[in-house]
Every structure is written in C-alpha cells, then in structure tokens.
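S.K.: Got a structure for you, questions after.
Residue numbers (the UniProt record's numbering), protein chains in the order written: chain U, 1 to 470; chain D, 1 to 316.
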C-alpha cells in the first residue's frame, strides 16, 4: 500500500507521494490513513466541474485532479482574467478546497504553471520566461521519458527550448516536441467540454438566493423572456430546454424538459418546468437557496410562426401541444404515446408505439399505404400472445374447444385460416407460420387465435390467443 | 313590490341552480341559457343540442336524445374477457361523436385520448391500430396514455378535459378502486361539463357503483349475425358485424333496459339487432371450479365473500 495523496500537515512532516504505507507509519506512527476512493473523488471533481459552469459552459475534466475551463469571451463578464481567477480561487477556498489556478493562452501552459509554477495570469509575451524555469515534468510526458531527459541533464524546460528540434525528436520521439509546441502555443490544443454546449443560454444571478418553487418558475419565465430575441433572430424555437440551478453551497441541479413542438413563449417554457419541478420535487433540495438560474436551449428547431385564424385553429394545435408537453414533462415522455403503422403482415409488428412528444401533433399523416388490404383485425391486441390448450381439427382446421385463462371455451363458429408467414428477412430463426382464426365462443366473445406451426406425426403445434374482436 | 321582485328573482336563481344540478332545461330559463351559451362560445353551439346519439331511434328516445357531449358516461363489463365488446362500443360511440359534431374539419384534427391502466393492459391489451379502421378512426387520431398510478391517470384525464384539445377522453379502470369513487367521478364530470368535452369511463370487471355518470351501460358480447351476401342472403357459418348486448343500468329512465345492437362497420352506424337465431349462450354453472365473481379490487364497502377460495394450478 502506498500513499496516493497527502494533506498539508503530512507534507510538512516530510511524507512523499508514492511512499510505502509501512514506511510512513514507521516514521510517523500517528499518521491517519484513509483508503483511496477513486469513484468518490471522481464524483467530487464532477460536482466541482458542474459548479464551474457558472464561469463558462466549456468545462473539461483533466486527469484525476484537474479541470480545464475555456474562458474565451467569458472573462470580461467577471471584470477581467485576474478578477475571474481570484473569484474562482476565493470561492473554492471558501468551500474548503486547496486549489491552484492559472490562466494563459494555451491549456498546456496553464497546466504547467498551475502545477509547477506560481499560478496566476500568464501574458502571451512572457510565456518563455515563465516556462523556462519549470521542470520537464511540466510537459505532461510519461514518467520514463521525464527520467530519460533528466538523466541527460535536461532538467528544466529552459534547457530544452534552445536545442535543435531534429535530434531531440530522433532521440525522444515526437511526443516531447508536441508537448513543447502545445505549451508554447505553436500547436492548437482543443478542450473538449464534458457536456454538450447549449445552443443558447441565458442566466440570472441573484444577490438574494431563492428557495420557493414559485420564485424559481417566475424567474425561469423572466429568463425565458431574455432568450426570446435570440430565438427570434434565428427563426427557431426550443425543443429541449435545460434549467440549471446553482445552489449557494455549490451544488448544481439540472432539470431537462422537452417540448412537443418548438417553443418560444416564455409562459409556455415556464409551464414546462412547472410540471417538471412537481415531478422532481423531492430530489430538488433547495437548501439555503439558489443563487444562479440559467436556462439553456439544448436543441432547437425551425419555428413556423402561423397566424391564428378567427376560428382559433392555431390555438387548438397549441393547446394539444401544451397538453402533451405538460404530461410528458411531469410523468416522463413514455407515458403519452401515439401509434404509427409499419409495413408488416405480422400483427404485433404492424403497429408501433412512439412517444407522442416526437410525433408531429399538427401534421396529419395519410394512412400508410400497405399495398395490401388488411381486414378483420381485432379491436384489442394483447401485449403478448397467450398460450391456450386447444383441441382442433387435424391438420389445419379451427379449434373445437380451448382452455384459456383456466376457462374452457366451446367454439361456436370459426372463420379462417388466414396464413401469415414469418418475415425471414427480420427473424433470426424461423418462428413458424401462423394460421389465424376468428372464433366465436359459446359465451359470445369473439377471439383471435392462431396456430403456430403444423401438425406432424409426433409434434403438435402451439395455439395462441392474440386479441379480442368487437 | 320591490321585495316581491327580489324574492322572485332569488326563486328563479335557485330554480336555475337546481335545474343545472339536474342537467335539465327550464323553459323559463332557456332564453337566458341561450344568451349564456352565446357569450361562452363553447364547443356546443347554442342551437344544436348538447348530445350525440346512437342513431337508433328507439334507443335515443330512451336516452332523452342521446349521450351528453359534455359529461361522463360509464361503460362497464362484468368480466375481463368482455373487454372487446366494451372497447368496440366506446370506439363506435367516439366515431359517431366525431362524425356527428357539426364542425367536421375541426373535429377530426382533435385526437381521442385513451388512458390505459397497467392492469388492464396486462389483461386485455390495448386497442389495435389496424382494428380501429372498423370504427372509422385513423391510428393517428388515437393518443395513448399509460400512467403507472391511478392518481396520474386521473390527473391526465382532468388535464385532457381542461385543455379542450381532445375530442374525447376514455379512462380505463380495473374493477372498483377506492381511489376512484364518487368524489373523483363527480370532479371529472364537472370538469367535463365545464370544458364541454365528453369523458368515458371504461370499468373492466367491475360492479355497479355510485358515480356521477349520467348513463352507465353494461356491455356484453352477443352472438354475431352472419355475413350478408350481395344478394341479401347470409353466408352460413361466417362471422358478420359485431353485436353487443347493452344494459342501461343508470339513466333518468327508471326501468333498467336491455337491448342488442349491431355495429355496421361499413356504414358506421348502429342497428337494432334481430334476435339471434343461434343457440342462446348458456352460462356454465358450478361444473366449473372457477370463481366467476368479478375481479373487483378492494372496494371500499364490500361485504366479505362467503366461502373459501382454492388455488388451482395454472392451466396454461
């Protein structure tokens, strides 16, 4: 067992990273050891990354202990880079984290300055003077490469910088030069954000934190009003919205809500979240209140603005969309479903259920042209065909009687068979042909039974009931 | 004199309230009602009656002109396997409702909401898209809601009525549930009244229960007639249009009433069926060791069943 991280106190005692636990205990018997928990560390880092969303939407997790923030175009909102860094550091310090930060033009340089230098803001022109005294380990190289460089006396970045590039590459590979170029800004290094960057985003920072649901909704409506001009400029309406709530103590809640049609009106967006908030009610712990409220548009679509006619047709479509949105927001998008037809003879494949949210409510689709006439289908189809014990005429007659759900039914009349062959282009193995019969039993019910397979000398096919007729 | 006038006015107001509670039209108030309706500009035009009918004269007479377009109608089945008849009745009524509302283009744009219940879906499946054609409904005219809990189902029903965006709402429940009693049905009926949209409750395998439905039917399948051939004769041994036996259990008409209707899917209308020539269905007696009482769940005030229930092995 080895030490993987140290706190301030143990550092002053002279313990080192990677030191054996037994050795550390031998030096300082009173040292307190806690097992490493990578999952918890990771979730803490994720939570901090979430919290960092307040500065920029482009937050990336860098290794096990670092975060990279792309603050391009964001610094002026906080009064400049210096103030932004101070703000981050101060808030993290107040939350009890020992953090170091640096701002520079390139991720590589920031990484190095923050871990091996003094941090702070590095101006572009002084990058060489700042980088030169840093150890070669600041180049983000593998451990043995660093060892090899050190063995040759190349201990600092300043030692490598003036060397000719070709021999360096021949001896140590392209990695060293790539990292060096990334640090010096000769090669662009992208930051890949951990969350999809919203298309549009608006937020409100509050001096006085809010807790009540009504306040949140009211504010969401106001923020949605701020989104309106941008949506109008794009000629778009949002389909998926995300409400991000930053709690005072650093926890971040994200609430997503989808709409059945592109939305723009602030009231309707707020109404979307009013159902969502009711659904997540218990999970949303307001604590001491929320200080930042942000509304993101994750997905948008073209907004067709239609003039309402005097009959109110447009309003009607809107109210149906509203109904679908509210139900889907509150109970989940799979609660409300529409039906679509598919080209298939197999009954259970011929109709599929789709979330109503994804079905265009206003558009009237024509009946699917199946290319064949389908008649005499049951009014209710069971979710799964149910096995029955049947006595039937061999080889291909309808059953005389059958036992379904423990009750014996006498067949009065039967129509059939209607043969439906399996779809060999879809099925992995041959499920067997089905012969469907419409039956009327003694008590009056009309049922849809089928025989799967055929009677052979030794095997008997299975009988199933799949639906009820009117 | 002035006091007299105010007393008169109060009397009229009370009478009107009572009439509204009872759902009757007071001749003296008709004019005021019409003015009201014009102002409210609801779905129901002031001139046309707020009912839709079966299209069979004898039945419609008994129903005082038809089922309410803005109220609660209940259909129940005694056993789960009768669900086909009840579903077909509701779909046929919905089809008639959508066809008969004077504003055709507008009405067909509105879908029908089917609120399914998990237990019912397990037992009896869902309405089948290809089977809807028999009732003149397109698959995209039906929206399904499959909530997990009864409270959610009631909430959806209420929201659907309030939104006025749905031509009809059908709420499926299983048996007599304590969570769906008189209070809830009264509340939904009032919502339906306010929104001017019909609500149908389909109670599978349930008993009669006090509810605020204006009409309650019990639906059972009846033997179908044979298919008609073009020359007017019948094709022997075939299964023709569906036939159901309806028992009107609750209405303003005191006597319970039973009739047999045939749904002609080609003309999309009901016909009074001729008495079937087929052997009458015999309900099997005690020879079957199966509990035939409806699968009613814990009803609030239900006497305990006498006798013992035996568990049999699964037959299938």
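We treat Cβ as the ideally placed atom computed from N, Cα and C, and that holds for glycine.
Only a predicted model underlies this, so the values are computations on that prediction, with no experimental measurement involved.
Under 8 Å, Cβ to Cβ, is there at least one residue of chain D near residue 468 of chain U?
M.R.: At least one chain D Cβ lies under 8 Å of residue 468 of chain U.
S.K.: Ignoring anything shorter than 3 residues, give me the beta strand (DSSP E) runs that lie fully in the region 379-422 of chain U, in order along the chain.
M.R.: Runs of the beta strand (DSSP E) inside the region 379-422 of chain U: 380-392, 399-404 and 407-420.
S.K.: Measuring CA to CA, which of D:148, D:98 and D:93 is closest to residue 118 of chain D?
M.R.: Nearest C-alpha to residue 118 of chain D: D:148.
S.K.: Which runs of the alpha helix (DSSP H) spanning at least 4 residues fall entirely within the region 262-297 of chain U, listed in chain order?
M.R.: For the region 262-297 of chain U, whole alpha helix (DSSP H) runs of length 4 or above, ordered along the chain, are 266-279.
S.K.: By how many angstroms is the C-alpha of residue 422 of chain U removed from the C-alpha of residue 431 of chain U?
M.R.: Near 7 Å, if we compare the C-alpha coordinates of residue 422 of chain U and residue 431 of chain U.
S.K.: Name the chain D residues whose beta carbon is nearer than 8 Å to that of residue 341 of chain U?
M.R.: Ordered by position in chain D, the residues that pass the 8 Å Cβ test against residue 341 of chain U are 129, 130 and 139.
S.K.: Across which residues does DSSP place residue 337 of chain U in a beta bridge pair?
M.R.: Per DSSP, U:355 and D:144.
S.K.: Can you tell me where the alpha helix (DSSP H) with residue 231 of chain U in it begins and where it stops?
M.R.: Segment 213-234, the alpha helix (DSSP H) holding residue 231 of chain U.
S.K.: Label residue 48 of chain D either buried or exposed according to how many other C-beta atoms from any shown protein chain fall within 10 Å of its C-beta, with 16 as the threshold for buried.
M.R.: Residue placement at residue 48 of chain D is flagged as unreliable, the pLDDT there being 49, under the threshold of 50; the coordinate-derived value follows with that caveat. It is exposed - the Cβ of residue 48 of chain D has fewer than 16 other Cβ atoms within 10 Å.
S.K.: For residue 378 of chain U, return the contacting residues in chain D, with the cut-off set at a CB-CB distance below 9 Å.
M.R.: Those are 84, 125, 128, 130 and 131, listed as they occur along chain D.
S.K.: Helix, strand or coil for residue 202 of chain U, going by three-state DSSP, please let me know.
M.R.: Of the three classes helix, strand and coil, the one that applies to residue 202 of chain U here is strand, per DSSP.
S.K.: Are any of the Cβ atoms in chain D nearer than 8 Å to that of residue 327 of chain U?
M.R.: Answer yes: the Cβ-Cβ gap between residue 327 of chain U and chain D drops below 8 Å somewhere.
S.K.: Going by alpha carbons, who is nearest to residue 467 of chain U out of U:6, U:399, U:376 and U:428?
M.R.: That would be U:376, whose Cα lies nearest to the Cα of residue 467 of chain U.
S.K.: Shortest alpha-carbon distance to residue 184 of chain D belongs to which of D:261, D:164 and D:152?
M.R.: Checked all of D:261, D:164 and D:152; the closest Cα to residue 184 of chain D is D:152.
S.K.: Report all residues from its chain with a CB closer than 8 Å to the CB of residue 220 of chain U; omit the five preceding and five following residues, and keep chain order.
M.R.: Only 243, 269, 270, 273, 293 and 295 meet the Cβ criterion.
S.K.: Drop a sphere of 10 angstroms on the beta-carbon of residue 278 of chain U, count the other beta-carbons inside from all chains shown, and report buried for 16 or more, exposed for fewer.
M.R.: The residue is exposed, with fewer than 16 neighbouring Cβ atoms inside 10 Å.
S.K.: For the region 116-124 of chain U against the region 77-85 of chain U, are there 3 or more C-beta pairs whose distance is under 8 Å?
M.R.: Yes, they touch.
S.K.: Could you say which of U:108, U:98 and U:189 lies nearest to residue 130 of chain U if we only look at CA atoms?
M.R.: Selected option, being the one with the closest Cα: U:108.
S.K.: Please list the partners that residue 247 of chain D has in chain U, where partner means a Cβ-to-Cβ separation under 7 Å.
M.R.: Going along chain U, no residue has its Cβ under 7 Å from residue 247 of chain D, so there is no contact; the nearest lies around 14 Å.
S.K.: By the 7 Å beta-carbon criterion, what residues does the region 143-159 of chain D contribute toward chain U?
M.R.: Going along the region 143-159 of chain D in chain order, one finds 143, 144, 145, 146, 147, 152, 156 and 159 with a Cβ nearer than 7 Å to chain U.
S.K.: Using a Cβ cut-off of 8 Å (strictly closer), state whether residue 440 of chain U contacts chain D.
M.R.: At least one chain D Cβ lies under 8 Å of residue 440 of chain U.
S.K.: For the alpha helix (DSSP H) that contains residue 347 of chain U, what are its first and last residues?
M.R.: Per DSSP, residue 347 of chain U belongs to the alpha helix (DSSP H) from 347-350.
S.K.: In the DSSP assignment, the alpha helix (DSSP H) including residue 158 of chain U goes from what residue to what residue?
M.R.: Run containing residue 158 of chain U: 157-160, per the alpha helix (DSSP H) assignment.
S.K.: Specify whether the region 210-225 of chain D and the region 234-245 of chain D touch according to this definition: at least 3 beta carbon pairs, one from each stretch, less than 8 Å apart.
M.R.: With a cut-off of 8 Å, the region 234-245 of chain D and the region 210-225 of chain D count as touching, because enough Cβ pairs lie within range.
S.K.: Is the distance from the Cβ of residue 381 of chain U to the Cβ of residue 411 of chain U below 8 Å?
M.R.: Not closer than 8 Å, so no.
S.K.: Check whether chain D comes within 8 Å of residue 223 of chain U, counting only Cβ atoms and requiring the distance to be less than that.
M.R.: It does not: the Cβ of residue 223 of chain U has no partner Cβ on chain D nearer than 8 Å.
S.K.: At a Cβ threshold of 8 Å, is residue 356 of chain U touching chain D?
M.R.: Yes, residue 356 of chain U counts as interfacial toward chain D.
S.K.: Under 8 Å between the Cβ atoms of residue 92 of chain D and residue 351 of chain U?
M.R.: No, they are not a contact pair.
S.K.: Please list, in chain order, all residues of the same chain as residue 266 of chain U whose beta carbon is under 7 Å from its beta carbon, the five residues on each side excluded.
M.R.: Answer for residue 266 of chain U: 221, 224, 225 and 228, listed in chain order.
S.K.: If contacts are defined as beta-carbon pairs under 8 Å, then residue 114 of chain U and residue 125 of chain U qualify, I think. What distance do you get, rounded to the angstrom?
M.R.: Wrong, their Cβ atoms sit about 19 Å apart, outside the cutoff.
S.K.: Scan the region 221-235 of chain D for residues whose Cβ lies nearer than 7 Å to a Cβ of chain U and list them as they occur along the chain.
M.R.: Taking 7 Å as the Cβ-Cβ cut-off against chain U, the residues of the region 221-235 of chain D that qualify are 221, 222, 223 and 224.
S.K.: Residue 459 of chain U: buried (16+ other C-beta within 10 angstroms of its C-beta) or exposed?
M.R.: The residue is exposed, with fewer than 16 neighbouring Cβ atoms inside 10 Å.
S.K.: Within 10 angstroms of the Cβ of residue 424 of chain U, are there 16 or more other Cβ atoms? Answer buried if so, exposed if not.
M.R.: Exposed is the call here.
S.K.: Which chain U residues are close to residue 165 of chain D, counting only those with a beta carbon under 7 Å from its beta carbon?
M.R.: Here the neighbours are 316, 319, 320 and 323.
S.K.: Would you please state the rounded distance, in angstroms, between the beta carbons of residue 248 of chain U and residue 50 of chain U? I believe it to be under 8 Å.
M.R.: With a Cβ gap of about 14 Å, residue 248 of chain U and residue 50 of chain U do not count as contacting.
S.K.: Below 8 Å on the Cβ atoms is my guess for residue 246 of chain U versus residue 288 of chain U; work out the distance and round it to an integer in Å.
M.R.: That belief does not hold up - the Cβ atoms of residue 246 of chain U and residue 288 of chain U are roughly 12 Å apart, past 8 Å.
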